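Residue numbers (my numbering): 7 to 441.
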Ligand code: URA
């Protein structure tokens, strides 16, 4: 078999066989197939697409390129959640303790942030002492004992995806549904859960800019999950503005704690967690229908069990769990600066990606994988889309390491807001659920 023949086959709209796909992925990982041939293949896939069977075979070949986690030592149903990436996305910090408090086991591998999006692992490291690099034995023990563990991805999972994603990033081949589906699902299948729930972001701050693209991705992800024998659902949610109010590691942890402690009004973040959580509970067989699942999840906030589950997880991963009940123990920036609006009006848009870049500019995000980050800095929005603002009223507050950075960030942040003279109707936050 020759890679040149496979590239030509896909270029001409052919369907690759399971053997051909396995040959291509094995050859790429072991170095027999060079980057230039794989880039041509990615571009051919981007233009010609793949059918369901090809996507499944590609996903399985990528999954088998590295280690897979066998979660059988963990008792009970195991559920996992994945987000396609957004700004201010602290969903896992709220959702996972709620679902675990209902009895579903959460054995979750999460990533670090890169560029304008944050990562759950960085956010969790805001708890002093928190360890994300757990041994497999300790990871399983924690899930069996506490019901939940969130650890960093190990280098051995899906090496094919690491290599391919880096190549796609520099060859204009990221926005291909078959390549995104296989990239996400190979990692999720390798992580071994029985139930997989996907949060597919849609809007200016997401990979998928339109509802039609997001729906296509959601359907592709759930189809592959089901073909691989998993219970799978996808929720399509708005990313035309950041999720919730805080953007920045420790600031997002505070917001998540406030939601778990029932200190905030029922907003989009909680709604999202109830929706994703209901898919996890019904998929796990722990609730008969969505209504019962939402009630059980809401009860974990009212009775404090979700907050306690977070504290138990932090403690089991060597972190200072007192910070769950006293967020003043989390890292805090020395300088805060309000950002007054130059005009009056209604907020019609907040450019999510740019807010993420403001947080990165403050030191809260990574420009490269090696960059160090400041967990304390970021932005807390005071106004969201649809809100009325008077000239001089604060749009947001900047948390910075010094006054110069705060002033620069305030200027950038003002540019993220678009105001309209007329009232603005907000688009629905949950756009669709694909089961
Ligand atoms: N997230 C992934 O893990 N892979 C992609 O290709 C896109 C988003």
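Where a beta carbon is used, it is the ideal one built from N, C-alpha and C, also for glycine. Note that this is a predicted model, so its numbers are computed, not measured.
With 16 other CB atoms within 10 Å as the buried threshold, where does residue i fall?
| i | result |
| --- | --- |
| residue 175 | exposed |
| residue 297 | exposed |
| residue 329 | buried |
| residue 6 | Outside the shown range of the chain, which is 7 to 441, sits residue 6, and nothing can be said about it. |
| residue 36 | exposed |
| residue 360 | buried |
| residue 269 | exposed |
| residue 128 | buried |
| residue 46 | buried |
| residue 251 | buried |
| residue 374 | exposed |
| residue 95 | buried |
| residue 410 | exposed |
| residue 7 | exposed |
| residue 21 | exposed |
| residue 332 | exposed |
| residue 103 | buried |
| residue 218 | exposed |
| residue 426 | exposed |
| residue 344 | exposed |
| residue 441 | exposed |
| residue 216 | exposed |
| residue 377 | exposed |
| residue 60 | buried |
| residue 42 | exposed |
| residue 289 | buried |
Which residues bound the alpha helix (DSSP H) around residue i?
| i | result |
| --- | --- |
| residue 229 | 217-233 |
| residue 249 | No alpha helix (DSSP H) contains residue 249, which DSSP labels as neither H nor E. |
| residue 13 | 9-17 |
| residue 164 | Residue 164 -> no alpha helix (DSSP H), and no H or E assigned at all. |
| residue 107 | 97-107 |
| residue 442 | Coverage of the chain is limited to positions 7 through 441, which leaves residue 442 absent and any answer about it impossible. |
| residue 22 | Counting along the chain, residue 22 falls outside any alpha helix (DSSP H), and DSSP gives it neither H nor E. |
| residue 126 | 126-130 |
Tell me the residue span of the beta strand (DSSP E) that contains residue i.
| i | result |
| --- | --- |
| residue 423 | 423-426 |
| residue 189 | Per DSSP, residue 189 belongs to no beta strand (DSSP E); it is in the alpha helix (DSSP H), 183-196. |
| residue 116 | 111-116 |
| residue 263 | Looking at the DSSP string, residue 263 is not in any beta strand (DSSP E); the run it does join, the alpha helix (DSSP H), is 255-266. |
| residue 141 | Looking at the DSSP string, residue 141 is not in any beta strand (DSSP E), and its letter there is neither H nor E. |
| residue 87 | 84-89 |
| residue 156 | 154-158 |
Report yes if the C-beta distance between residue i and residue j is below 7 Å; otherwise report no.
| i | j | result |
| --- | --- | --- |
| residue 206 | residue 242 | yes |
| residue 323 | residue 136 | yes |
| residue 247 | residue 358 | yes |
| residue 91 | residue 65 | no |
| residue 234 | residue 282 | no |
| residue 204 | residue 227 | yes |
| residue 300 | residue 284 | yes |
| residue 253 | residue 385 | yes |
| residue 54 | residue 109 | no |
| residue 256 | residue 337 | yes |
| residue 166 | residue 68 | yes |
| residue 62 | residue 230 | yes |
| residue 326 | residue 134 | yes |
| residue 107 | residue 424 | no |
| residue 232 | residue 202 | no |
| residue 126 | residue 158 | no |
| residue 152 | residue 318 | yes |
| residue 12 | residue 32 | no |
| residue 52 | residue 179 | yes |
| residue 199 | residue 85 | yes |
| residue 105 | residue 286 | yes |
Quiz item: Which full runs of the beta strand (DSSP E) of 3+ residues lie inside the segment 322-354, going along the chain?
Solution: 341-346
Exercise. Could you tell me whether the segment 396-409 touches the segment 362-377, using the rule of 3 or more Cβ pairs below 8 Å?
Key: yes
Exercise. Would you check if there are 3 or more beta carbon pairs closer than 8 Å linking the segment 78-85 to the segment 344-355?
Key: no
Exercise. Give, in chain order, every unbroken run of the alpha helix (DSSP H) that is at least 4 residues long and sits entirely within the segment 284-317.
Key: 296-308
Quiz item: On the three-pair Cβ rule with 8 Å, is the segment 140-158 touching the segment 270-286?
Solution: no
Quiz prompt | Complete alpha helix (DSSP H) runs within the segment 354-439 (minimum length 4 residues, chain order) | solution = 358-367 and 409-420
Quiz item: Which runs of the alpha helix (DSSP H), 4 residues or longer, sit entirely within the segment 37-76?
Solution: 41-54 and 58-69
Quiz prompt | Touching by the beta-carbon criterion (3+ pairs, under 8 Å), the segment 424-436 and the segment 376-392 | solution = yes
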